Amino acid sequence: MSVDIVQLYGPGLSFYLSRAKVSGTREMTGNQSSSSLDRYSNALRSLNNSNVLLENRLDQLRENTMRLELDVMRLQRHIKTSHGELLVTWQADTLTRLVEVVYERHGWKLPGGITSTSTGDMEQAEVSLMYRTAARKIKKETLWERFGLSLRYHVALEKYDEVSLVGLIGFCKSESFLSLTKG
1144 MSVDIVQLYG PGLSFYLSRA KVSGTREMTG NQSSSSLDRY SNALRSLNNS NVLLENRLDQ
1204 LRENTMRLEL DVMRLQRHIK TSHGELLVTW QADTLTRLVE VVYERHGWKL PGGITSTSTG
1264 DMEQAEVSLM YRTAARKIKK ETLWERFGLS LRYHVALEKY DEVSLVGLIG FCKSESFLSL
1324 TKG
């Protein structure tokens, strides 16, 4: 055994066992060797008990960590779901505003002869249908010549039907949820 290791960590178990055997053969007093062996045994037992307690605590920490990771995964899934709904709502709002701006700047009225400011007393489904019809009537030439908007905006307006339907479903769900929570 190197001197550095012995100085850092002390001698190993074999050193103490050999000393106990040597002291027994030398016919030293039984009290000295048994008291040092007892101290060593007690220290070893307390270290083993401490080790068992630490292992139990480590198992608890692992279990808690696993639960926390599951909670984080559930939270991330919930956030992603909510984020998707918010994105669709934002897209529908943006496209609705584009339809309003095009119709207002041209001086046109929305289908049904209604302006965008007078839709307050209408049902959500009626307003959604009116805006979807208005979006379909906007031509790509109108977007390009009057507003300088590229073909991408017209493609987005063509998808207005599916975006507004998803937004309408989300709106209806939130409306029914709000009515349930109030009542």
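Each residue of the sequence shown is one higher than the one before, starting from 1144 at the first, in this note's numbering.
Where is the CB? At the ideal position from N, CA and C, for every residue including glycine.
Quick caveat: nothing in here was measured; it's all calculated off a predicted structure.
Report yes if the C-beta distance between residue i and residue j is below 8 Å; otherwise report no.
i       : j       : result
VAL1245 : THR1285 : yes
LYS1252 : THR1258 : yes
TYR1303 : LEU1229 : no
VAL1093 : ALA1278 : Nothing about residue 1093 can be reported from this structure: the residues present for the chain run from 1144 to 1326 only.
MET1273 : GLY1256 : no
Helix, strand or coil for residue i per DSSP?
i       : result
LEU1253 : strand
THR1224 : helix
LYS1280 : helix
THR1258 : coil
GLU1247 : helix
MET1265 : coil
LEU1292 : coil
VAL1306 : helix
For residue i, which option in the options has the closest C-alpha, if you only look at C-alpha atoms?
i       : options                            : result
GLU1301 : THR1232, ARG1275, SER1293, ASN1194 : ARG1275
HIS1297 : SER1225, LYS1283, ASP1236, LEU1190 : LYS1283
GLU1288 : GLN1219, LEU1187, ARG1248, MET1216 : ARG1248
Exposed or buried, which one is residue i when buried takes at least 16 other CB atoms within 10 Å?
i       : result
VAL1195 : exposed
LEU1201 : exposed
VAL1306 : buried
LEU1294 : exposed
ALA1235 : buried
VAL1270 : buried
ILE1281 : buried
LEU1321 : For LEU1321, the pLDDT reaches just 39, beneath the cut-off of 50, and the residue's location in the model is therefore unreliable, leaving the point undetermined.
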